[in-house]
Each structure stands twice: as structure tokens, then as C-alpha cells.
Ligand code: DX5
Ligand code: ZN
């Protein structure tokens, strides 16, 4: 079953609690929270205090995507704030195996994200340990960008690796996904769909989430 993880990056930050509630009521499966540090990506977004503030609004899982140069320094703070899963970028971690196991030592899910130009093979020796792989389908930093078409092939290749290895980690995809391409992305092998602008551009986020799920299953 495909899961929809709306990204609050495209929410109205002046009423963030209400926006999270709207996602909860609208049938979101997961809340995707994009953390940007102004170094790894040009933008700066959400600190642990803000995550803690919205934790009381919903019991949905908080999926915290750390787009940071120094994620090791902040993992515990985001977990204390209420993260149920932490995603780190493989590009910034020479000791990726250690990072993944460090996240898991807190009893939360550990995922690794790859930028569009990062090869899949950096995952070769951690695939057994990770709980999810995040394929970035845009260059991280901003919501509302266009899906990079060649990422379809990258998702297919990862799904093929998963098949052949007998592992069953979910593949999450993030960036430029909406009603026009969710079906193809899911057919390529994606299980968890992050969607920011596609969800928040509508007043009825529940209708968009339902439409995305329907389109995914066609
Ligand atoms: C991009 C973020 C995404 C982004 C997705 O750096 O990681 O989660 O918010 O937004 P859309 O769906 O608008 O591309
Ligand atoms: Zn993200």
C-alpha cells in the first residue's frame, strides 16, 4: 500500500499547528519535516523546538529529513523533539554505517537520502541496516521544483537491487511529485511519496491525498 507523506515545507508557517492538524484530518500517513541548515542546502527551515511544538497536534509518525552538513550533531535533538524516523544524506557522512546505527540506537527508524547525482552504490554495505531509502527526485533545498525525469530509472534500479537482495526496505521519493507522475513513480518501485506543493496548493488537502492514492493504484 502506497503511503503519502506530505511535506510541511509548503505549509503556511504562520499557522503551522493548524496545517499539521489539516494533514492529520485529511488522511496523511506520515508527516514529512524538511530540515535545512543553510549550508548543505541554501535554505534554512525548522529547528527542534518547532518540531516539539507541533508534536502535540498529531500522533502520526514524524519523518525528519535532515538536509544538513553536520547531522550527527542534531540527530538526538530531533528525536527528543518527537521524530519517529531520521533521514540523513549519504553525501555528508563518511561513516554512514555508524550514523545509521546511531539513529537506530534511539529506537527510531533510520533512512539514507541520496541527491539526484549521487550513485546508488554508496548504499551497498548499509542496505542491510537501513529502514528506508530516500531517492531525491529534485535537488534539495526548495519546494515546488520539477521532477528530474532520469530519477525514474534510479528508482527502478533501486527496486531491482531490493528484489535481488531479498530485502524489503521501503523506497521513499521526494520532490516534484503530484497527480501527473505519481502513478509512474509507484510503478517504478516507490512506496512512500513525499508531496509538498501538490498537497498544499489545494484548500482540501484530504481530497488531494485521496486523489494521489487513487492515481497511484491505477
Ligand atoms: C526538497 C524537500 C522536499 C520538498 C518537496 O528539498 O526535501 O520534501 O518539500 O516539495 P515538492 O513536493 O513541492 O517538490
Ligand atoms: Zn524532504
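Residue numbers (the working numbering): 14 to 231. We put the beta carbon where it would ideally sit given N, CA and C, even for glycine.
Going by CA-CA distance only, name the one from 144, 22, 119 and 103 that's closest to residue 130. Comparing Cα positions, the closest option is 103.
With a threshold of 16 other CB atoms inside 10 Å of the CB of residue 80, please say whether the residue is buried or exposed. Its Cβ being crowded by 16 or more others within 10 Å, residue 80 is buried.
Please check the pair residue 133 and residue 170, which I expect to be a contact at CB under 8 Å, by giving their CB distance rounded to whole angstroms. Confirmed, about 6 Å.
DSSP state of residue 110, grouped into three classes? Per DSSP, reduced to three states, the secondary structure at residue 110 is helical.
Opening and closing residue of the alpha helix (DSSP H) in which residue 18 lies: Where residue 18 is concerned, there is no enclosing alpha helix (DSSP H), although the beta strand (DSSP E) around it starts and stops at 16-19.
State yes or no: is the C-beta of residue 157 within less than 8 Å of the C-beta of residue 210? In this structure, residue 210 lies closer than 8 Å to residue 157 by Cβ.
What are the start and end residues of the alpha helix (DSSP H) that includes residue 164? Element bounds for residue 164: 164-178.
Here's the rule I'm using: 16 or more other beta-carbon atoms within 10 Å means buried, otherwise exposed. How should residue 78 be labelled? Classification for residue 78: buried.
Which residues are close to ligand 2, meaning CB closer than 6 Å to any heavy atom, in chain order? Having a Cβ closer than 6 Å to some heavy atom of ligand 2 are 20, 45, 47, 78, 187 and 207.
At a cut-off of 7 Å, would you count residue 85 as near ligand 1, judging by its Cβ distance to the nearest heavy atom? Flag unset: Cβ of residue 85 not near ligand 1.
Integer-rounded CB distance, given that residue 45 should sit under 8 Å from residue 76: Beta-carbon to beta-carbon, residue 76 and residue 45 are separated by about 5 Å, close enough to satisfy the 8 Å threshold.
May I ask you to check if the CB of residue 22 is nearer than 7 Å to at least one heavy atom of ligand 1? Residue 22: yes, Cβ under 7 Å from ligand 1.
By the three-class DSSP mapping on this structure, what secondary structure does residue 43 have? Residue 43 falls in the coil class under three-state DSSP.
Does DSSP put residue 186 in a helix, in a strand, or in coil? The three-state reading of DSSP puts residue 186 in strand, counting E and B together.
For ligand 1, is there a heavy atom less than 7 Å away from the beta-carbon of residue 26? No, since every heavy atom of ligand 1 falls outside the 7 Å radius drawn around the Cβ of residue 26.
CB contact flag (residue 184, residue 203, <8 Å): Against a cut-off of 8 Å, the Cβ pair of residue 203 and residue 184 comes out as a contact.
Any idea if residue 92 is buried or exposed, counting beta-carbon neighbours within 10 angstroms, 16 or more meaning buried? So residue 92 ends up on the buried side.
When you compare the CB positions of residue 33 and residue 71, do they come within less than 8 Å of one another, or not? In contact: residue 33 and residue 71 (Cβ atoms closer than 8 Å).
Looking at residue 112 and ligand 1, is the gap between the Cβ and the nearest heavy atom below 7 Å? No - ligand 1 has no heavy atom lying nearer than 7 Å to the Cβ of residue 112.
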